[in-house]
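See structure below.
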Amino acid sequence: MRKVYVAGNWKMNLIDEIQPLKEFSKDIKNDIEVIVFPPFTHLQKYGEILKGSKVKVGAQNVFYEEKGAYTGEISYRFLQEFGCEYVILGHSERRNIFRESDELVSLKIKKILSSSIKPILCVGEREEERSLNKQKFVVENQLKISLGGIENNFKNIIIAYEPVWAIGTGKNASPYDAQEMHSFIREQLSSLFGKKISYDISILYGGSVNEENVKDLFREDDVDGVLVGGASLKCDKFIKIVEIVDKSLI
Ligand code: 13P
Numbered sequence: 008m009r010k011v012y013v014a015g016n017w018k019m020n021l022i023d024e025i026q027p028l029k030e031f032s033k034d035i036k037n038d039i040e041v042i043v044f045p046p047f048t049h050l051q052k053y054g055e056i057l058k059g060s061k062v063k064v065g066a067q068n069v070f071y072e073e074k075g076a077y078t079g080e081i082s083y084r085f086l087q088e089f090g091c092e093y094v095i096l097g098h099s100e101r102r103n104i105f106r107e108s109d110e111l112v113s114l115k116i117k118k119i120l121s122s123s124i125k126p127i128l129c130v131g132e133r134e135e136e137r138s139l140n141k142q143k144f145v146v147e148n149q150l151k152i153s154l155g156g157i158e159n160n161f162k163n164i165i166i167a168y169e170p171v172w173a174i175g176t177g178k179n180a181s182p183y184d185a186q187e188m189h190s191f192i193r194e195q196l197s198s199l200f201g202k203k204i205s206y207d208i209s210i211l212y213g214g215s216v217n218e219e220n221v222k223d224l225f226r227e228d229d230v231d232g233v234l235v236g237g238a239s240l241k242c243d244k245f246i247k248i249v250e251i252v253d254k255s256l257i
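Numbered according to the working numbering, the sequence shown spans residues 8 to 257.
Structure (structure tokens):
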């Protein structure tokens, strides 16, 4: 049984309140992993507030070395100190604004897999690539380069399909398109790691997820959860999304 995730990527934002989510999490009926990803500077604060609750804290990025002369970077060892169990890697904003390559993402993933932290690898095509029907080619390359050469701890890998054109645009992928890509991603995982492992890896969808579209997206066979941006910044909206996913599992 694949694990189900509802994750909130706050990006470079803070939220007004988290207590209602902490309270609500006591009522979650199913085995859902709820994670919030605050900026680095607030990991400690939210780690402490959420300690002992069902809501986990994760980081939005990490570097691949443990320490040294890497100005501005953060090591996984620091993340562990704050109780981080997850880290987002290769988000399209990191790729596009900060020029992160698949090769860099690969180094980060390998390092993280040697720790207890689980990486959420983001992949996804740009609008012009989809309009040229190249989305599978793009995602296949991202997966092959980022995940090539990994030899163990496969079970800790989580994938998030986040089409760039759907991020922050209010234009989510249709459930059909999401399922088509998720099942393609699973095929790629199968050729990299074998069928059994590919079946166990959770694949999340991200890109304009909200309380209105989450039910239909999550209904798809290969959509194992969601990575939410904008709608995770309002605690009540995020709770609603968690609630809908929870109810869908009953
Ligand atoms: P939005 O939900 O705001 O489209 O952002 C998605 C995202 O980038 C999550 O990582």
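The beta carbon of each residue, even a glycine, is placed where N, CA and C say it ideally should be.
- Three or more beta-carbon pairs separated by less than 8 Å are not found between the segment 26-38 and the segment 65-80, which leaves the two stretches without contact.
- CYS129 places its beta carbon 8 Å or farther from that of ILE81.
- In the structure shown, ASN16 adopts extended strand secondary structure according to DSSP, grouped into three states.
- For LYS247, the CB contacts under 7 Å within the same chain, skipping 5 residues up- and downstream, are GLU218 in chain order.
- Just so you know, the alpha carbons of GLN87 and GLU40 end up roughly 18 Å apart.
- Apart from the 5 residues on each side of it in sequence, LYS143 sits with its Cβ closer than 7 Å to the Cβ of PHE191 in its chain, given in chain order.
- Assigned with DSSP and collapsed to three states, ILE251 falls in helix.
- The straight-line gap separating the alpha-carbon atoms of GLY90 and TRP17 is approximately 18 Å.
- Under the 10 Å beta carbon count, ASP253 is surrounded by 16 or more other beta carbons and is classified as buried.
- Judged by the Cβ position, HIS189 fails to qualify as a neighbour of the ligand 13P at the 7 Å threshold, every heavy atom of the ligand being at least this far.
- Scanning TYR168, GLY155, GLU100 for the CA closest to the CA of VAL216 turns up TYR168.
- Relative to the ligand 13P, VAL64 has its C-beta separated by 7 Å or more from all heavy atoms.
- In this chain, the alpha helix (DSSP H) harbouring LYS52 covers 50-57.
- About 12 Å separates the Cβ atoms of ILE35 and LYS63, ruling out a contact at the 8 Å cut-off.
- Less than 8 Å divides the Cβ of SER99 from the Cβ of VAL171.
- The alpha-carbon separation between SER32 and GLU24 amounts to approximately 14 Å.
- By the Cβ neighbour-count rule, ASP231 is buried, with 16 or more other Cβ atoms within 10 Å of its own.
- Taking 7 Å as the cut-off, the C-beta of ALA76 does not count as close to any heavy atom of the ligand 13P.
- In the DSSP assignment, ILE210 falls outside any alpha helix (DSSP H) and within the unbroken beta strand (DSSP E) covering 210-213.
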